[in-house]
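Number of protein chains: 4
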Amino acid sequence: MARRSLQLHQFKLTILYMPLRSRFILKSRPVAGALDIEELALPGVGRESVIVKICYAAICGTDLHLYRWNKWAARNYVPPFPLGHEFSGEVVEIGSDVTKVKVGDRICAETHIACGNCQQCRMNRQHTCLNLKLFSKHGWGCFSDYTVVPQGVLRKVPSEIPLNKAVIMEPLGVSVRAIMDVDVRGGNLLVTGCGPIGLFAIAAARAFGASRIIASDPAHGRTKLAQEIGADAIIDPRGACFRTQIQEATSGEGIDVAIETSGYADAIQGALVTLRPGGHLVLLGLSDEEISLDFSCHIVLREISVRGVYGRLLDKTWLQVERLLRSSAINVDTVITHYFALEQFNQAFCLAASESVGKIVFEMN
Amino acid sequence: MARRSLQLHQFKLTILYMPLRSRFILKSRPVAGALDIEELALPGVGRESVIVKICYAAICGTDLHLYRWNKWAARNYVPPFPLGHEFSGEVVEIGSDVTKVKVGDRICAETHIACGNCQQCRMNRQHTCLNLKLFSKHGWGCFSDYTVVPQGVLRKVPSEIPLNKAVIMEPLGVSVRAIMDVDVRGGNLLVTGCGPIGLFAIAAARAFGASRIIASDPAHGRTKLAQEIGADAIIDPRGACFRTQIQEATSGEGIDVAIETSGYADAIQGALVTLRPGGHLVLLGLSDEEISLDFSCHIVLREISVRGVYGRLLDKTWLQVERLLRSSAINVDTVITHYFALEQFNQAFCLAASESVGKIVFEMN
Amino acid sequence: MARRSLQLHQFKLTILYMPLRSRFILKSRPVAGALDIEELALPGVGRESVIVKICYAAICGTDLHLYRWNKWAARNYVPPFPLGHEFSGEVVEIGSDVTKVKVGDRICAETHIACGNCQQCRMNRQHTCLNLKLFSKHGWGCFSDYTVVPQGVLRKVPSEIPLNKAVIMEPLGVSVRAIMDVDVRGGNLLVTGCGPIGLFAIAAARAFGASRIIASDPAHGRTKLAQEIGADAIIDPRGACFRTQIQEATSGEGIDVAIETSGYADAIQGALVTLRPGGHLVLLGLSDEEISLDFSCHIVLREISVRGVYGRLLDKTWLQVERLLRSSAINVDTVITHYFALEQFNQAFCLAASESVGKIVFEMN
Amino acid sequence: MARRSLQLHQFKLTILYMPLRSRFILKSRPVAGALDIEELALPGVGRESVIVKICYAAICGTDLHLYRWNKWAARNYVPPFPLGHEFSGEVVEIGSDVTKVKVGDRICAETHIACGNCQQCRMNRQHTCLNLKLFSKHGWGCFSDYTVVPQGVLRKVPSEIPLNKAVIMEPLGVSVRAIMDVDVRGGNLLVTGCGPIGLFAIAAARAFGASRIIASDPAHGRTKLAQEIGADAIIDPRGACFRTQIQEATSGEGIDVAIETSGYADAIQGALVTLRPGGHLVLLGLSDEEISLDFSCHIVLREISVRGVYGRLLDKTWLQVERLLRSSAINVDTVITHYFALEQFNQAFCLAASESVGKIVFEMN
């Protein structure tokens, strides 16, 4: 019988015992950085839901927006609410109509829940479903010991993939999808922003045959990770003329494909001018502000394409991620820089918010 | 022996005779609207050039920029210089190394002259050649009786296509290329700007299976042409909420593909918000100003793609245009709204600049 | 109270009355042409099933294979079994977990039932699911007054599409999918075999911008339909050299895309040799025999692509078919050449088997 | 002044000196294996031609067909004629109109000479030009000290690529093109036939992200090379059931893409049955015989695509090959198993014909 005692903000929480049907859950409160652990009773498992024992859970950029309680968070969430949607774990109980998994299965999960009937779903664009629900927003988060998940979002983890890698399959999927949507084979790739999404993009581009990969980020800690995972050259965005640096790094050829993960206007504009005519800019990063561009010069006359990528193709991207991880074509260990216990959540979130680390993962015990 | 007399601005030009090796040529001068006709001796035909008797020549948007002498014109041109690059005619003399055409061939011409050796040319992107030359800028224009053209830009006109249609194959190619670069089959199409490029895009989209075509332009004269050539619905961009009008016109589905030909910020922003997730915005129009956008909301989260299109694929687009015109799948007569003699150039340019007409064509005699 | 009497083969069937929960059902028996109508009690509707009142049902090529009781039929079916899978109708009762439709909805149905979990399903290739079930084979056919259908296969018919057109959405989907899988825009198309699938392919190709459509079938009745629905030229496969005829019909250009719907070796070989280098052959027709080809000459050296198409993309093709029918870009009335009452089944099947008609549809009363 | 003496078949050739304008040239004679070295005077360099000093030249499969004097050779060639088209070297003299290269440039060459005006050329399919000429067949071969080449086929070798690698850029291009035409990223790849084209395909597929590569060839020497260059598993085509071996090697998933380089009917049929539904078979190998297939079962019902690949895209593939070699993503040294002097031609051709080696290269002195 575990007995834990955690000092959380203004009050002390004493947890006496942890039966299957209760859980520790990390919740966000309406001030920046206001996180609490609470103990809640899990609901009974629904007909099409399962109860999962979380083994690993990772902090996503979205979690950081919530932690910082920025405008977007305030517009879209009502606290308190549970946090976390990237995880791996084991099924411990299943609902009566669950056929996709059984007790004991090792699983991770998609975040997006599609309706299956709207125009987008019918076009095989379930990830931009017009009635899209988010697993963590509309349900129970994964920064907890146990959680409840609808069977539709579950993905069985192939036996070759350990759970401490499976925990990043969801964010890795975003990067893999972005890289597969364009054609990097033999091309010069620029990645602006070397957080986990950017790092995964570098790894995927390396695996899929980019000829030369250039990474850009102001944080030295992150560009170091970029090099470890496969970048050929590093550009300092605060340094000399961005375009000149790129021309040098590409022997004057320019960039074929740029993957922008930071959301900064400077990065978007910088990436645009380095593209060769007909080049592609893929936007993954989100920004709060409008960005101003000379469309004639940068897009029309040079035939640039700019496209946004949000989420994973269902279920194509998951299959591709599985194959990548199984084939050892990609090594994600470099990206996971820190493991914490759930109780160390303040430390974990502070570090994640510092923007100079890789992926931060909670390891449940 | 012809004898013509034209009153042009401050002076009178008397032309006494017109041997084969001289020509009347329309030239731009360094004030807005300052055009003159001059008589010039044609140079001797080069080894790889031909002399063409012009039959029809059309005013392009680029010619209007030069006529208006806007910033872009002042930055890129030094007057006086000859005007015009859209034409059809007959070969009257060929250089010693010319093998592509012979005297008497009916021809029209590509405007872009590619080097053939740069990275873009090697990628089959000759139209964005890094050393691109423009037939009209670097050579002799086509608003004249005769002109000299390098054989590389010549295109034989198939016998099924009359020369008064062949004159618009070049601009039609821009629209056909834009429509073929995206997939309009069965989709809802929005065309903003109903000048010739917009009108040709409507015609091409109709031929290639767009399900519903919506056209938008403030000029009633142009939206009328849009309907004649195949638009199903007309939207007034100055009217009620643009997005609402589109939702109504598409039964709530939104737009699959938007073709923007006006260059106006309002049109670009308006088109963006009407796209369904995963929709495509193709930019053909040029603007002098920067345009400000909420990239997160309009591009990333809804996975929009924005791409610029400039020119024709060499020579794929020309082949496609030939096939379209030969199959009668497209009727361009509607778009050519006025024919003028070259001497009526002031009237022709004034009308073209009014932005409420279709294509203006000079018919040489 | 209806009272009908049908003489079927060796026995007389007297049907006294038709309550909601019984149905007349057309069944195949183990000799060629041995069909019977029987009266059966419908099962209770399952949790995820609905009962549909059939309004229209069409005879498919598969039904003819069963009618003829060929080798394929004998290998795959154990009679007696119900027939028919192309239909339109109305929902009259729904199971407790049905959310996709409600009583009164106008519907038609997909034939293929995918598992949703196999590798093919995960790749968005549900139509070639590794555990694929067929609505008619594993369930209740549609040549009957009422039938039971799992909700997963149901498709709501948009209000603009009458039920006598909706009945052919399923087979039309096969042709639309084949045409959309290749690029017919501006190209020369050859369609070999002018049964319903071939005719629909011609109509779809016309709608999506094929430049020149050539149809080939030995049956005059069918080539006449081909011309009515949009073929530009007709080739007699028993006539002079097939390749020569095609060269003439295409001004020597050859075929860009050939759609083969007959399954005959002659048609496949004939289509192959008419393709221009880089051309595409799409195979829809099924053959009992092996076919012998000179791969080097016909496929490798001329870079031909040959691909099989089977079924509709789920649910993309259905959406495209809806859009095509709603936009009036395609007129399927020409293809439906005969309507019969269910009791006229012998006449209907005899006619369908004659291979000189279009689509045969049962109209239920 | 060099003095060489070579015993060739029935006669002795004594070469006294080698001025710039003569060359040793390897010629084929009309019996299998009947090769001779002759000394010929080079013609004067034409206006658009250059004289090249050959440094390396490689034996291609086509050369072996000619060496064996098979049916195809007898149909297409009239001996004696010069041999060889894969080479690297230096420009020693240029014609008056040559602008693409200058004396001293390191070059290799494309084999195909396109007309530039036919329908295929206009579609950017110059490699299947309707008036295609072959450098070696219509001109001077490269198994010689010097040769004459039209400037159009020359490709400058980037400084990072040594000439002993540049010699295989042409055949490497065939494999790179085949791999880039399909999508191998994350997929299971089967390569049947492990001669140089198959080995290069393995290397390219590895570079471009194939997940699992399986190679098949009866010759142990070649499968050993296949493993060295990147194959994950080897299948013996004479062993147990081919399909079973593949299922085991792919954990039951089957093959996504098969690259067939041998031309054997068994290999084509074997590859077809191992493909998953929707899989791709790319044919590079040539066969003298017709091949018989069950199209319904293997192509239609499982939606397989089969396509032929012949040659390199001009000039896209050359650019991709350059980038691959420059980035060290591919190591071709493994494939070049033997170097010979030109005088050792009998030994070189015997070895090449043994089908158990990699690429055989002549090193000129």
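Protein chains in written order, with numbering that gives the first Met the number 0: chain A, 0 to 364; chain B, 0 to 364; chain C, 0 to 364; chain D, 0 to 364.
Even for Gly, the Cβ is constructed at its ideal location relative to N, Cα and C.
The structure presented is a predicted model; accordingly, all values stated were derived computationally and were not measured.
For B/N187, the enclosing beta strand (DSSP E) covers residues 187–191.
Nearest in C-alpha terms to B/D62, of all of B/L313, B/N364, B/L133, is B/L133.
Per DSSP, C/Y66 has no beta bridge partner at all.
For the 8 Å CB-CB criterion, D/I196 and D/G229 do not form a contact. Burial state of C/P276 is buried, judged by a 10 Å Cβ sphere holding 16 or more other Cβ atoms. Pairing C/I106 with C/G83 gives a Cβ-Cβ distance that is not under 8 Å. Inter-residue distance for D/V152 and D/A108 is about 5 Å (C-alpha atoms, whole angstroms). Taking CB atoms only, A/A328 has a neighbour in chain D less than 8 Å away. Look at the beta carbons and you see the region 242–256 of chain A touching the region 269–285 of chain A: at least three pairs across the two are nearer than 8 Å. Straight across, the Cα-Cα distance linking B/K99 with D/N116 is about 8 Å.
According to the DSSP assignment, A/F361 belongs to the beta strand (DSSP E) that extends over 358–362. A Cβ of chain B is located within less than 8 Å of the beta carbon of D/D314. Nearest neighbour of C/S48 by Cα position, chosen from C/S355, C/V147, C/S353, turns out to be C/V147.
The beta-carbon separation of A/A203 and A/I329, rounded to 7 Å, stays under the 8 Å limit for a contact. Within the region 291–326 of chain A, complete alpha helix (DSSP H) segments of at least 4 residues are found at 315–325, given in chain order.
Rounded to the nearest angstrom, the Cβ distance from B/R67 to B/A352 is 7 Å, consistent with a contact under 8 Å. Legend: CB atoms of the region 30–60 of chain A lying less than 7 Å from CB atoms of chain C are not found in any residue. Here D/S135 is buried. Its C-beta has 16 or more other C-beta atoms within 10 Å. Along the length of the region 123–165 of chain D, whole alpha helix (DSSP H) runs at least 4 residues long occupy 134–137, 162–165, reported in chain order.
For C/N116, the residues of chain A that pass the 7 Å Cβ criterion are K99, in the order they occur in the chain. In the three-state reduction of the DSSP assignment, B/S48 falls in the strand class, which pools E and B.
Within the region 216–277 of chain A, the beta strand (DSSP E) runs of at least 3 residues that lie entirely inside it are, in chain order, 232–234, 254–259.
Residue-level contact check: C/G185 touches chain B, since one or more beta carbons of chain B fall below 8 Å from its beta carbon. Three or more beta-carbon pairs separated by less than 8 Å are not found between the region 332–343 of chain B and the region 304–318 of chain B, which leaves the two stretches without contact. Listed along chain D are Q119, R124, T127, L129, each with a C-beta nearer than 8 Å to that of C/P276.
Ranking D/G310, D/D216, D/I303, D/R205 by CA distance to the CA of D/G253 puts D/I303 first. Cβ contact annotation for B/P157 (same chain, cutoff 7 Å, sequence separation greater than five): E321, R325, in chain order. Of the candidates A/L323, A/L318, A/V356, A/V356 places its Cα closest to the Cα of A/I335.
Judged by their CB atoms, D/G208 and A/F142 are not nearer to each other than the 8 Å cut-off. Put simply, of D/W139, D/V97, D/V360 the residue whose alpha carbon is nearest the alpha carbon of D/L41 is D/W139.
A residue is called buried when at least 16 other Cβ atoms come within 10 angstroms of its Cβ; D/P29 does not meet this threshold and is exposed. Excluding its 5 nearest sequence neighbours in each direction, C/P217 has C-beta neighbours in its own chain below 8 Å: D235, P236, R237, listed in chain order. Of all residues in the region 322–354 of chain D, only R322, L323, R325, S326, A328 come within less than 9 Å of chain A when Cβ atoms are compared, listed by chain position. For B/I167, the secondary structure class from DSSP, reduced to helix, strand or coil, is coil. In summary, the residues of the region 199–211 of chain A whose CB is separated from some CB of chain D by less than 8 Å are A206, F207, G208, S210, R211, in the order they occur in the chain.
Chain B has no Cβ within less than 8 Å of the Cβ of D/L171.
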